Amino acid sequence: MKARQRRPIEEKAVAGLLPIANINAQNFDIHNLVFAGGCAESSSYAGAISVLEKLGLMPKVKRFAGVGTGAIVATFLALGLDSNELQKAFNEHLDNMLADDEFGYENLLENLKQNYGWNTGTKFLEWFAQLLESKGFDSELSLLQLYEKTGNELCLVVINVDPLALEYYHPKITPHLTIKRAVFQALSIPGIFAPTKYGDTEETSLHLNASLMCTYPIECFDGWLLSMADEDCFLNKLECPNDFFSTEKSLGTKNKRTLGFFRFDKNQENTCQTFIKRLIDVNANIKIPNTTLGQKYKQHCQTRITLNNKFSLLRKTCTAFLSMADGIEDEQGTIPIDSLAQKLFTDKSLSKTDCQHLFPQFGRSLSDLKAFLSSISNTDTTLTRRCLNLFFQTKTLELLDRYSDLLKTTPNNLQTYFTTVYDALQNTAMNFSQSDYDRSVGIFTAHVYSRHLDFDDDDQSFLYRQGWNATVAYLRQTNKNTAQVQTVSVVSTDCLN
Numbered sequence: 001m002k003a004r005q006r007r008p009i010e011e012k013a014v015a016g017l018l019p020i021a022n023i024n025a026q027n028f029d030i031h032n033l034v035f036a037g038g039c040a041e042s043s044s045y046a047g048a049i050s051v052l053e054k055l056g057l058m059p060k061v062k063r064f065a066g067v068g069t070g071a072i073v074a075t076f077l078a079l080g081l082d083s084n085e086l087q088k089a090f091n092e093h094l095d096n097m098l099a100d101d102e103f104g105y106e107n108l109l110e111n112l113k114q115n116y117g118w119n120t121g122t123k124f125l126e127w128f129a130q131l132l133e134s135k136g137f138d139s140e141l142s143l144l145q146l147y148e149k150t151g152n153e154l155c156l157v158v159i160n161v162d163p164l165a166l167e168y169y170h171p172k173i174t175p176h177l178t179i180k181r182a183v184f185q186a187l188s189i190p191g192i193f194a195p196t197k198y199g200d201t202e203e204t205s206l207h208l209n210a211s212l213m214c215t216y217p218i219e220c221f222d223g224w225l226l227s228m229a230d231e232d233c234f235l236n237k238l239e240c241p242n243d244f245f246s247t248e249k250s251l252g253t254k255n256k257r258t259l260g261f262f263r264f265d266k267n268q269e270n271t272c273q274t275f276i277k278r279l280i281d282v283n284a285n286i287k288i289p290n291t292t293l294g295q296k297y298k299q300h301c302q303t304r305i306t307l308n309n310k311f312s313l314l315r316k317t318c319t320a321f322l323s324m325a326d327g328i329e330d331e332q333g334t335i336p337i338d339s340l341a342q343k344l345f346t347d348k349s350l351s352k353t354d355c356q357h358l359f360p361q362f363g364r365s366l367s368d369l370k371a372f373l374s375s376i377s378n379t380d381t382t383l384t385r386r387c388l389n390l391f392f393q394t395k396t397l398e399l400l401d402r403y404s405d406l407l408k409t410t411p412n413n414l415q416t417y418f419t420t421v422y423d424a425l426q427n428t429a430m431n432f433s434q435s436d437y438d439r440s441v442g443i444f445t446a447h448v449y450s451r452h453l454d455f456d457d458d459d460q461s462f463l464y465r466q467g468w469n470a471t472v473a474y475l476r477q478t479n480k481n482t483a484q485v486q487t488v489s490v491v492s493t494d495c496l497n
């Protein structure tokens, strides 16, 4: 895939940003930021961070955590990058992925066989080392060294392949691990990137992107597990080894100073209704840009509305059809075809349009109605309610199949195949809990999904706006003393585009 240089988004160039003048920053005591996984849509985090910068909330933040692509965002911030630098660095990361020669097919089989992944990360590690040096750090900077130099704690969540379990890379647990290695492991999508070994010379483990098991590690700074305070050292807290692995004990107390960010797209809309309502309550701009991705999304939304209307009509028609059959069904549960056809012909409660939805291949004459009823029955004279229900069920499934087709993605190469499968698995692993609503910013990315790497500049502006507006909506609704999880009715964004 050909790389395309993206331009960082300037706040003044983005339309539809909610004002922040009426937000009292003194009501918020945010010390920890946590970022969920994703991919391209993580550009929205730049908009979110811009809001915190404008309100003067970032200087207090000293703890950063992330999983998947959220890990690299957390790392950028822990290294001292501001929102503009974050955009530039993240765009470079995406462009490097698209232009990486190691994704050539000539390397595929050998790398999979030898390294368990297509790309071994050579180009990424070189680029990240240069980034570290540009910020005044050594290219081999470790997690503990970053903490000692800046006071910033960085936590990256990974999967240890054996045993299959989540692990935290953090100065308290893995003090000497280099940040560039930690970030690459946190980004390593199975199959796409090779897992990296970590451990001493005798005991090494393979580590991967943790998004398949945990897409939103909002709890990582809860409890005492990652606390750098002397009183929370392992000697004081661990009574037995099991205490280290028991999240109820080590992460049991919710940290009210944590604010988490996660993205959700159109496919996850129904499970994130409280965040949709939060945006609507502040009249946030959710207008989709007229980009290639945006136009396709709008067409899908319009088709979805049409299918919803057709489903309502089908349900109404089927109900009317069955009510006609009720009056002529005999004691054995059979329905004379001639009688039902005559009733359909004379009743007229089913319009011509209704009939066309049910049996478009037949006409509206009496003989056509008899032919239709015979086609769904096992005999030419009678049919059963089971036959009718089976027919209506088939018609419903036809509509549902068309509905599900809107969500399909057709991979056009092996790389997009891997990322599409990973995207689907990541969505099923979404672990957001409503109990964390009061410390979470849900960013609606609408038409930009994780697998979309080569999006347009206007799509990037949209993501920036969504991150900004979602953060403003959260800050307006929430303060440090009160937070209330609201019960909401189902809201669709189809009509907002």
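Using the UniProt record's numbering, you'd call the opening residue of the sequence shown number 1 and step up by one each time. Glycine residues also receive a C-beta, built at the ideal position from the N, C-alpha and C atoms. Only a predicted model underlies this, so the values are computations on that prediction, with no experimental measurement involved.
How should residue i be labelled, buried or exposed, when 16 other C-beta atoms within 10 angstroms of its C-beta is the threshold for buried?
i	result
Thr201	Reliability fails at Thr201, whose pLDDT of 49 lies under 50, so the model's placement of it is uncertain and no value is given.
Ile218	buried
Thr482	Its pLDDT being 42, under 50, Thr482 is placed unreliably by the model, and the measurement read from it follows with that caveat. Counting Cβ neighbours within 10 Å, Thr482 comes out exposed, since fewer than 16 surround it.
Ser246	exposed
Ala36	buried
Gly327	exposed
Glu140	exposed
Ser435	exposed
Asp222	buried
Val490	Its pLDDT being 47, under 50, Val490 is placed unreliably in this model, and the value from its coordinates should be taken loosely. Val490 is exposed by the Cβ-count criterion.
Ile305	exposed
Lys180	buried
Gln302	exposed
Leu475	buried
Gly333	exposed
Ser188	buried
Gln295	exposed
Residue i and residue j look like a contact to me (Cβ under 8 angstroms); what is the Cβ gap, rounded to whole Å?
i	j	result
Ala182	Val157	Not quite, the Cβ-Cβ distance comes to about 10 angstroms (not below 8 angstroms), so this is no contact.
Ala325	Leu366	Not confirmed; about 17 angstroms, so no contact.
Leu146	Asn152	6 angstroms
Asp82	Glu53	6 angstroms
Val282	Leu18	6 angstroms
Ala165	Leu131	Actually they are not in contact, since the Cβ atoms of Ala165 and Leu131 sit about 30 angstroms apart, beyond 8 angstroms.
Arg278	Ala473	5 angstroms
Phe76	Gly121	With 8 angstroms as the limit, Phe76 and Gly121 do not qualify as a contact, their Cβ atoms being about 17 angstroms apart.
If you draw a straight line from the alpha carbon of residue i to that of residue j, how long is it in whole angstroms?
i	j	result
Val34	Phe137	23 angstroms
Leu226	Thr258	13 angstroms
Thr215	Leu313	39 angstroms
Gly442	Gln393	37 angstroms
Ser377	Leu212	48 angstroms
Pro336	Leu369	13 angstroms
His300	Phe362	30 angstroms
Cys155	Ala229	16 angstroms
Ile276	Thr382	51 angstroms
Leu175	Ser44	In the sequence as presented, Leu is not what sits at residue 175; that position holds Pro. Answer to the nearest angstrom: the Cα atoms are 30 angstroms apart.
Asn285	Lys266	16 angstroms
Ala320	Tyr297	35 angstroms
Ile30	Cys220	15 angstroms
Ala446	Glu85	25 angstroms
Asp401	Ser433	30 angstroms
residue 581	Pro241	Nothing can be reported for residue 581: it is not among the residues displayed for the chain, which extend from 1 to 497.
Ile20	Leu463	18 angstroms
Glu231	Leu238	12 angstroms
Phe264	Cys272	8 angstroms
Lys352	Phe359	10 angstroms
Ser349	Ser339	16 angstroms
Ser142	Leu79	12 angstroms
residue 505	Leu373	The requested residue 505 is not part of the displayed model; the chain covers only 1 to 497.
Asp354	Asp330	26 angstroms
Ile159	Leu307	41 angstroms
Cys318	Val67	48 angstroms
Phe64	Asn209	17 angstroms
Of the choices the options, whose alpha-carbon is the least far from that of residue i?
i	options	result
Arg315	Asn160, Leu397, Arg364 and His93	Leu397
Leu55	Phe28, Asp354, Gly68 and Lys62	Phe28
Leu322	Leu388, Leu373 and Phe345	Leu388
Ile173	Gly151, Ile189, Leu141 and Cys233	Cys233
Ser440	Lys254, Ala371, Phe372 and Gln295	Lys254
Trp224	Gly252, Glu239, Cys240 and Asn209	Gly252
Lys60	Thr178, Asn32 and Asn309	Asn32
Asn91	Asp456, Thr122, Tyr474 and Ala473	Asp456
residue 511	Leu390, Ala65, Asn22 and Phe128	An answer regarding residue 511 cannot be provided, because it is not within the stretch 1 to 497 covered by the chain.
Lys310	Thr274, Thr471, Leu399 and Gln87	Leu399
Leu125	Pro163, Asp162, Tyr168 and Ile72	Ile72
Beta carbon of residue i: closer than 8 angstroms to some heavy atom of the ligand FAD?
i	result
Phe264	In terms of ligand content, the structure shown is empty, and the ligand FAD therefore cannot be addressed.
Could you say if the segment 463 to 475 and the segment 43 to 52 meet the contact criterion of at least three C-beta pairs nearer than 8 angstroms? yes
How do the segment 241 to 256 and the segment 283 to 302 stand: do at least 3 beta-carbon pairs fall below 8 angstroms, yes or no? no
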